[in-house]
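Residues 1 to 615 in full-length UniProt numbering are what the sequence shown lists, from first letter to last.
Glycine residues also receive a C-beta, built at the ideal position from the N, C-alpha and C atoms.
Worksheet: the structure to be examined is printed underneath.
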Amino acid sequence: MNPTAPNPGQPGWRSWLAACGTIAATYFYFLIFAEFAFLELATAAMAAPDRLRPLMLVLGSGGIFGALFGAARFRSERAPQQLAWTLRACAVGAVVAWFAHGAFLLFLAAALTGVSLGWLTVALASSLQSAAGPTRLGWCVGLGTGLAYALCNVPVIFRAAPSTQTLLAASAAALASFLPRWLSAATQPAVSDAEYSGLPALRWVLVLLALVWLDSAAFYVVQHSTQLRAITWQGDATLWANAGVHLLAAVGAGALLDCQRRGTVSTVAMISLGLAGLILSGVLPGDAVAVWCYTAGVSLYSTVLVEYPARSGRPFLAALVFAVAGWLGSAFGIGMAQDLHRIPVAFVVAAVAVVATALTWRRYTLRLGAIAALVLTALPAVRADQPEPLVTLGREVYIAEGCIHCHSQYIRPRLAADVALWGPARPLAEAKADQPPLFGTRRQGPDLSQVGSRRTPEWNRLHLMHPQAVSPGSRMPSYAHLFTAGDDRGDALVAYLESLGGDAVAERRQQIAAWQPDTRQVLPPDEAGKLFARLCVQCHGPQGQGDGPLAHQLSVRPPNWTTDPWRHPAHDAPLETVVSRIIKFGVPGLPMAGHEYLPDGDVVGLARYVISLHR
């Protein structure tokens, strides 16, 4: 007789705790490493945003393949061994990423991490009902999920360097690989087909796909907004509060799931994420409310994401859920936010409609789901006092604040210097068609007709609020008053600036790649050091260690040149030319802004000084 399982068919507490710990380790690994630290390590080694997408494609494709392969290879009698070895493979993937300083090892780490994590999640979900018991499965999943999210928000872990977070994830996976030996043997649970096959299964896949998609897009928007990032993650008290909300929401979801209230949990998650999406889209006020709605909604649906396939005990259903809702949903959400830099209101409404329609399939959630759908789809009308799109409002703010008196919006096509500095020229007829045309009265500051291809929204926001801190010596006044709570003018102005030339990024990249600096009169090293201290230390720090006063406000922190490899390796040009181009024009899509006004000699001198700091 097994002393850990005193009741027939009911696993003991040792098995339950082992299952809970394995869930926590798996989620922790995914959240802190696969979804965050790995991207930071890859950015440090590869940097260019267009080079990260193939890497993420390998990671996601590996996850989908691993899920399907794991489902095909799953055997209940071998579940503990499969769990143990896939956890160890995950640990190896993280260690490979930790050692990686080039594309080959990064792609190897992405493939290994994706395949092993995909296999692990399917094997785990297929084993959980036998390991935790049907009456305590929700509690087990909720506690494991909540603990993982809470741990990720512990200040010392949250603020750790990506390399440290990677080692923590590897350690968690390696240690957790010893837990499956205590799991009760996996058996095929006796569950009804009503929820786990055919159209009912499809509706739950759609529900979870919409929720993951919305979550991933919202996370990207928050991560790349200085204001939202400060509200969400700034200060120990905020992080501990996040940890508490995550834990309570997940445990509460688990309790409801054990009471067969999956529809209720999903509806509340939909309402929470829908509200957060509308607030982040600028339709509703209340950034702080968006943060709490988002935090709770994530834990609620994340618990359902594991509990639903686990309750069925069916490997191929788990593979379908994790491949479509998990991996594809994350990719779609992040891709949408990367391309649009926001969450379209139409998408929020569509996601709500999909979830509500699927949830009302069940009689007991009919009224609650219908009410939620009506409320959330009607919420855009709440802001009927602002019928103009955000970009249109931003244009009005641009005019009202007098920006036209210092900034032009017309690049003279026949003047080579204009095109080289500010981007591709715009046809005169197109500029004259604006109502009213905004050519500007004089150009004291840079031309802004293509600023969307040269500056990111977060840089524009920081510069508008703290111009002298971001651009020392700037004569531009601060517009911080536009960003006070309840005032949409600041966000609207940022959106308008982003819209100017945002479709010219590819052409701008070609211009940058063709530029060659004039090296006949290069700034001496001592003068270059003074110029670095005046223009660059705000972000890069005095010794190039990425510790400047503005560094913590950037979504992609500057590298530490004393330890990190070059983020932009020289492939098609000498290193000095590559660094000079970055200093002159910045990096489109990243917070690194250009210094277009600097003469070539100063740019090359700065480049040589920066190279000398790199060890």
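At a Cβ-Cβ threshold of 8 Å, T303 and V245 do not count as neighbours. Counted as a single uninterrupted DSSP element, the stretch harbouring N560 is not any alpha helix (DSSP H), since DSSP gives it neither H nor E. Beta-bridge partners of A170 (DSSP): none assigned.
Proximity of the segment 104 to 118 to the segment 203 to 210 falls short of the contact definition, fewer than three beta-carbon pairs being nearer than 8 Å.
Distance from the CA of Q129 to the CA of L317, rounded to the nearest whole angstrom, comes to 14 Å.
The Cβ atoms of G62 and V115 lie closer than 8 Å to each other. Within the same chain, Q511, W515 come within 8 Å of A420 by CB-CB distance, once the 5 residues on both sides are set aside.
Collapsing the DSSP output to three states places A573 in coil. Residue pairing from DSSP leaves G12 without any beta-bridge partner.
DSSP places W204 inside the alpha helix (DSSP H), whose first and last residues are 198 to 223. Counting along the chain, G402 sits inside no alpha helix (DSSP H), nor does DSSP assign it H or E at all. G329 is positioned such that its CB atom lies closer than 8 Å to that of S216. D547: not part of any alpha helix (DSSP H); DSSP gives it neither H nor E. Here V451 is not near L415, since their CB atoms are 8 Å or more apart. Going by C-alpha positions, F36 is about 39 Å away from D418.
Just so you know, the alpha carbons of A276 and V212 end up roughly 13 Å apart. As the crow flies, the alpha-carbon of H407 is around 29 Å from that of G605. Assigned with DSSP and collapsed to three states, G235 falls in coil, not helix or strand. Excluding its 5 nearest sequence neighbours in each direction, A495 has C-beta neighbours in its own chain below 6 Å: L390, V391, G394, listed in chain order. The continuous alpha helix (DSSP H) containing N460 extends over residues 457 to 465. Within the same chain, Cβ atoms closer than 6 Å to the Cβ of L305 are found at L208, the five residues on either side in sequence being excluded. The three-state secondary structure of G277, taken from DSSP, is helix. For P11, the closest alpha carbon among the candidates P134, P477, L613 is that of P134.
Contact holds between the segment 22 to 37 and the segment 158 to 170, because three or more Cβ pairs, one in each stretch, are under 8 Å apart. The beta carbon of V96 sits closer than 8 Å to the beta carbons of L105, L108, A109, L112 from its chain, once the five residues preceding and following it are set aside; these are given in chain order. Sorting G102, Q468, A243, I271 by C-alpha distance to the C-alpha of D564 places G102 at the top. Beyond the five residues adjoining it in sequence on each side, G70 comes within less than 6 Å, by CB distance, of W119, V122, A123 in the same chain, given in chain order. For H540, the number of other beta carbons within 10 angstroms of its own is at least 16, and it is reported as buried. L278 and T264 have their C-alpha atoms some 21 Å from each other. In this structure W13 is exposed. Its beta-carbon is surrounded by fewer than 16 other beta-carbon atoms within 10 angstroms.
Of the residues T357, A25, N560, A45, the one whose Cα lies closest to the Cα of H614 is N560.
The count of Cβ pairs closer than 8 Å, one atom from the segment 16 to 33 and one from the segment 143 to 157, reaches three, so the stretches are in contact.
In chain order, A84 place their CB closer than 8 Å to the CB of F178, counting only its own chain and leaving out the 5 sequence neighbours on each side.
Between V154 and A243, the CB-CB gap stays under 8 Å.
At least 8 Å separates the beta-carbon of C90 from that of L68.
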